[in-house]
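For the sequence shown, the positions run -28 to -1, 1 to 121 when mature numbering (1 follows the signal peptide of the UniProt record, and there is no 0) is used.
Beta carbons are placed, not taken as given, at the ideal position from N, Cα and C, and that holds for glycine.
Quick caveat, the model's predicted, so the values are computed rather than measured.
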Amino acid sequence: MARPSLLLPLGLALLALCLLALPRDSRARPGDREVGERQDLSPSDPQVRKATQAAMTSYNMGSNSIYYFRDTTILRAQSQLVAGIKYYLTVEMGSTACRKNAMARDHIDLTACPLAAGVQQEKLRCDFEILTVPWQNSFQLLKHDCVTL
């Protein structure tokens, strides 16, 4: 039987051996993504489309324009896993011919609104940051930065 003074060093040696036998962390392999790193997404991804629609709804609610805006092109889409999923979107959008006061605010289908024509049309490029928490079915527009084109 081992003496009590040897039990601690033997236990530590066994623990060190077990730790060395564990597989390497997947983050250590070249080419793999880091946890929390942004990931590029396809603009046609259904979740990107859903996040874009949430961004458009929030933008239109806060906009002073009397017309609704809708997305015309999703230029870039990225996601990041946090306490939910953050979407980073760069979107080109245009003003529509649909006035805010003329439509029911509850269920607006912006795809049915034609883009404004001629002098009435306003074009924007916006960067949006949207947080979605899928298990709570919630979307929140965290930031937006728009420039006129």
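DSSP places Ser14 in the coil class of the three-state scheme, outside both helix and strand. For Thr104, the enclosing beta strand (DSSP E) has its first and last residue at Lys95 to Val105. Distance from the CA atom of Pro106 to the CA atom of Ser(-24), rounded to whole angstroms, is 54 Å. Residue state for Gly90 is assigned as helix, using DSSP reduced to three classes. Ranked by how close their Cα comes to the Cα of Ala88, the residues Ser35, Gly34 and Phe41 have Phe41 in first place. Contact between the region 26 to 38 and the region 50 to 57 is absent: fewer than three C-beta pairs spanning the two stretches fall below 8 Å. Under the 10 Å beta carbon count, Ile102 is surrounded by 16 or more other beta carbons and is classified as buried.
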